[in-house]
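Inspection log for the structure reproduced underneath, given as structure tokens.
Protein chains in written order, with my numbering: chain A, 81 to 563; chain B, 117 to 629; chain C, 38 to 133.
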């Protein structure tokens with residue numbers, strides 16, 4: 081599927097040079113061939129082939145929807161009717177939702193063919209995809225390294241060429257960080273741009289559905305299908321979605337890119353900083369103007385995030401109590417026993433840790449110093465962005481401070497793991513859209529450039545990425561073994 | 117044991133003063149739930165009215181019901197409260213099997229309604245103003261059925277997510293009687309406003325009471341206990357009475373009241389601590405991240421205000437001051453809006469005079485108002501009660517009853533006959549005029565017909581006439597009786613009397629009429 | 038920031054997560070270190086001046102009309118339950 085962007089595939093499908101069924105079969109075969117990556121929790125072959133056949137029929141009739149016949153993977157956090165949805169948790173190991181998420185519905189309506197459910201960190205809590213009940217995902221560029229997380233399976237599946245795109249969710253960097261680690265393009269839309277209905281909640285005021293693909297152009301095609309208001313999500317925004325594909329032709333000429341000083345701080349590896357600066361220099365050659373900006377509270381993003389996200393999670397995950405669905409311990413002796421054992425057994429270590437941290441941050445006597453304080457800092461962080469966007473159109477920096485780290489390297493130290501999110505979490509706190517773009521290599525591993533836009537300026541963001549990718553070929557590089 | 121013996125009035129409490137605050141949960145009568153499109157109808161089979169959200173399936177999200185918000189605002193306006201321009205849905209976190217999400221969506225720091233007051237008429241006629249601290253929107257929990265199975269409880273989530281308005285009074289009530297009068301006033305108001313059906317048996321109107329006692333004259337609140345979910349007005353009164361007594365006993369024994377939740381045991385007339393509630397709860401309230409702030413604009417508030425009609429206490433006052441009704445009648449009529457509206461329609465439906473030349477207003481407006489009140493609270497209430505019908509389903513409409521009362525007021529029929537006509541109307545035999553005519557029940561007040569009958573009687577009993585004229589006044593009643601008999605009881609009594617006196621007097625002069 | 042074992046027990050109880058005694062020391066240490074991250078928040082002296090931010094956008098809640106839109110899915114939902122009888126979800130006996 082190398083080099084096959086969504087537009088080229090759609091063209092080939094419409095010209096009947098390839099069938100949707102053939103693409104689905106090829107993707108399923110590739111997924112099986114690369115089981116070493118552990119990118120999938122569930123492959124849904126029957127549903128995929130049925131969807132492919134429907135797409136072929138529509139293509140034959142000439143009334144095919146825009147993504148008809150394009151295979152893809154869903155992060156296993158989106159509820160899929162009749163197909164188990166685990167959130168990579170023992171808690172939901174056998175949970176088969178009787179309904180589809182809005183994102184799932186919309187992609188199905190757009191004709192795209194889901195081949196399965198991609199692996200992730202349990203309940204999207206993690207930055208390495210090592211916190212999965214179904215085992216870690218491996219980075220297609222180097223099997224000893226993590227793909228990033230939490231959308232690690234989605235990123236690995238796209239980077240390995242199994243599917244041209246995958247859905248993801250981003251609560252603190254969970255789309256952008258794995259996209260950076262795997263050398264692909266990841267879009268986290270503005271909060272509220274994509275419906276959260278049927279997307280299993282981690283931290284509701286931060287969670288954002290989005291897409292991982294090979295290019296900004298492909299992200300635009302997918303966003304066009306999934307964006308828009310949904311009456312089933314009270315935080316879904318009423319703003320009409322723009323024509324993201326048409327807007328791609330806007331050049332970088334005169335675009336002011338704010339280079340955030342704080343995003344090149346002490347923890348950023350030299351090779352990463354150099355690659356990102358080189359990519360920015362390319363933007364400048366395309367006519368963009370680079371302006372140094374400051375986000376003075378950037379260093380408080382991790383502390384604020386690691387209070388707010390666990391606090392919300394502690395409440396969101398209270399519903400997993402072994403009563404109505406999900407894991408229930410054997411032979412509960414009492415209600416208390418049912419709750420405490422089902423939850424201790426059903427949740428993995430990191431999820432338990434975050435629930436406890438969040439419970440603490442909300443509990444009597446600590447609420448003001450932790451939760452409320454973090455919410456005030458959140459405002460300062462959002463205000464930093466607003467001030468910067470008064471003078472620039474986009475803000476740039478490295479997506480991650482380092483390239484993909486080794487499996488196990490940070491697993492024992494939650495703080496080291498959390499530090500990998502240093503440049504991504506602030507965007508979620510402020511609810512902004514951001515894009516991670518391949519920006520060359522360091523130590524032979526992909527580096528990501530993060531572009532951040534004001535709320536609901538996805539069109540501007542995607543156009544900038546597209547224009548950079550017209551002039552560069554980093555996004556076309558694939559690891560060996562890619563399909 | 118009489119209640120006054122158990123709980124003397126505040127003055128007689130002597131050294132102690134009770135302090136009571138009520139938390140009332142009024143179920144808002146919306147068609148769908150607060151956050152899901154599931155139905156709220158009472159009595160469905162278990163779990164048939166529980167949407168995916170109501171059983172907290174993963175990925176489901178709350179979408180709030182505008183009607184619930186508007187009903188809360190309606191209540192706020194009726195108690196002269198502040199309606200928050202911005203208020204917040206917060207999560208109250210705790211684990212319980214009937215709480216599917218592990219949290220209840222409620223309001224905490226910024227409720228939609230705050231600082232209201234409600235005039236409450238006590239049984240002795242005094243009116244107190246009760247401060248209402250807040251009223252907030254929240255969702256109900258499901259229902260635990262503890263006796264469903266051996267060694268297990270069953271959970272029904274039909275009620276989960278039903279919208280509630282929690283109405284919190286300030287701790288300003290000082291006796292069980294005051295507390296119940298306030299509870300009744302809120303009950304009247306929420307039904308009056310059409311926001312709650314007020315059904316206590318079905319749990320659509322529930323009450324928790326916070327009770328403490330303190331030395332009389334102290335301004336410091338004592339340690340309080342909370343009495344949960346008492347489901348009748350009588351039990352609320354008894355539970356509070358018992359609890360005040362108990363706390364006084366505890367304090368007088370030199371012990372301390374323990375802050376705890378207690379349940380009222382109606383069978384044994386006592387309260388007991390609720391098991392499993394011994395540890396202090398830590399609800400970890402925080403703004404619900406799924407729900408942005410509730411914003412209410414001035415225009416929205418005014419639109420709701422425009423639909424508010426006269427409130428029960430205002431109408432009660434008007435009935436007393438303008439219509440001259442006794443306080444007790446006015447209070448009874450205004451106990452629910454349907455009754456008050458019926459009464460209002462009845463007063464207004466007074467038909468014009470049936471007979472040319474008759475006084476259009478023989479008894480005056482106040483007499484008519486009182487006559488109407490007597491009938492609504494008397495004959496009509498009795499008939500509704502016997503038929504177990506709400507006034508909305510009455511078989512005699514206000515205009516129909518007005519037709520009957522007009523005939524009573526103008527003397528066409530007597531009170532006794534009016535009751536007979538009413539019964540026939542209730543039985544569906546037609547309107548008052550038809551029944552009076554068909555049964556020939558009209559009183560004879562036509563002087564010609566009366567005079568003819570009197571003449572016949574006087575002619576029949578000449579010796580009695582002579583006796584009368586010699587001074588035996590008592591015989592007048594004999595002539596009345598004989599004439600009534602001749603007219604089958606339908607003579608207009610006052611008219612008959614007057615004519616008889618006239619004729620008996622005039623006979624001496626040898627002149628007939 | 039150090040968290041004592043009693044606090045861990047209290048928090049675990051609030052969160053209804055069973056924690057074995059043997060796990061307490063490691064857990065107390067981890068939680069202490071994670072919570073220590075938040076110490077930096079206390080140093081943000083300008084935080085007093087701003088309102089807490091609970092939602093990313095200054096967005097007002099949107100409402101739906103009061104319409105019954107759900108149909109009966111009880112059988113599907115109950116089929117997901119680890120234990121259900123007589124159309125009720127079943128838990129160990131709760132005593133009030």
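Ideal Cβ placement from N, Cα and C applies to all residues, glycine included.
Under the three-state reduction of DSSP output, residue 95/C falls in the coil class, being neither helix nor strand.
Residues of chain B with a Cβ closer than 8 Å to the Cβ of residue 53/C are, in chain order, 211. CA-to-CA, the gap between residue 372/A and residue 152/A works out to about 38 Å.
Taking C-beta separations shorter than 6 Å and ignoring five residues to either side along the sequence, the partners of residue 249/B in its chain run 284 and 286, following chain order.
DSSP places residue 259/B in the strand class (E or B) of the three-state scheme. Assignment of alpha helix (DSSP H) within the region 236-314 of chain A, counting only whole runs of 4 or more residues, yields 256-262 and 296-306 in chain order. Chain-ordered listing is empty here: chain A has no CB closer than 9 Å to the CB of residue 111/C, the nearest sitting near 11 Å. Across the structure, residue 164/A and residue 175/A are spaced so that their CA atoms are roughly 5 Å apart. Relative to residue 513/B, the option among 546/B, 525/B and 481/B whose CA is nearest is 546/B. Listed in chain order, the positions of the region 38-69 of chain C with a beta carbon within less than 7 Å of a beta carbon of chain B are 51 and 53.
For the region 256-273 of chain B, the set of positions with a beta-carbon nearer than 7 Å to some beta-carbon of chain C reads 260, 261, 262, 264, 265, 267, 268, 269, 270, 271 and 272 in chain order. Spanning the alpha carbons of residue 234/A and residue 304/A requires a straight line of approximately 19 Å. Residue pairing of residue 162/B in beta bridges, as defined by DSSP: absent, with no partner found. A residue is called buried when at least 16 other Cβ atoms come within 10 angstroms of its Cβ; residue 442/B does not meet this threshold and is exposed.
Secondary-structure assignment with DSSP links residue 533/B through no beta bridge to anything.
Assigned with DSSP and collapsed to three states, residue 245/B falls in strand. Cα atoms of residue 515/A and residue 257/A: separation of roughly 10 Å, rounded to the nearest angstrom. Contact of residue 311/A with chain C by beta-carbon distance below 9 Å involves 99 and 101. Interface with chain C (9 Å Cβ-Cβ cutoff): residue 382/A is included. Within the DSSP secondary-structure output, residue 323/B pairs in a beta bridge with 140/B.
Beyond the five residues adjoining it in sequence on each side, residue 320/B comes within less than 8 Å, by CB distance, of 142, 143, 145, 158, 312, 313 and 314 in the same chain, given in chain order.
Judged by DSSP in its simplified three-state form, residue 339/B adopts coil rather than helix or strand. Non-local C-beta neighbours of residue 260/B in its own chain, meaning closer than 7 Å and more than five positions away in sequence, comprise 213, 214, 269 and 271, ordered along the chain. Distance from the CA of residue 421/B to the CA of residue 107/C, rounded to the nearest whole angstrom, comes to 31 Å. Bounds of any alpha helix (DSSP H) do not take in residue 197/A; it lies within the beta strand (DSSP E) bounded by 193-198. Spatial neighbours of residue 496/A in its own chain (CB-CB distance under 6 Å, excluding positions within 5 residues in sequence) are listed in chain order as 490. Around the beta carbon of residue 501/B, a 10 Å sphere encloses fewer than 16 other beta carbons of the protein chains shown; the residue is thus reported as exposed. With a cutoff of 9 Å on beta-carbon distance, residue 431/A and residue 230/A are scored as not near each other. With a 10 Å radius around the Cβ and a threshold of 16 neighbouring Cβ atoms, residue 532/B comes out exposed.
Residue 119/C has a beta carbon lying at 9 Å or more from every beta carbon in chain B.
Taking the Cβ atoms as the reference, residue 557/A lies roughly 19 Å from residue 224/A, outside the contact range of under 8 Å. Within chain B, the residues whose beta carbon sits less than 9 Å from that of residue 92/C are 403, 405, 407, 408 and 409, listed in sequence order. Within the region 40-80 of chain C, the alpha helix (DSSP H) runs of at least 4 residues that lie entirely inside it are, in chain order, 42-51, 61-74 and 76-79. Per the coordinates, the alpha-carbon of residue 253/B lies some 60 Å from the alpha-carbon of residue 556/B. When CB distances to chain A are screened at a threshold of 9 Å, the residues of the region 71-89 of chain C falling below it are 71, 72, 73, 74, 75, 76, 77, 78, 79, 80, 81, 83, 84, 85, 86, 87, 88 and 89, in chain order.
Boundaries of the beta strand (DSSP E) around residue 220/B: 219-222.
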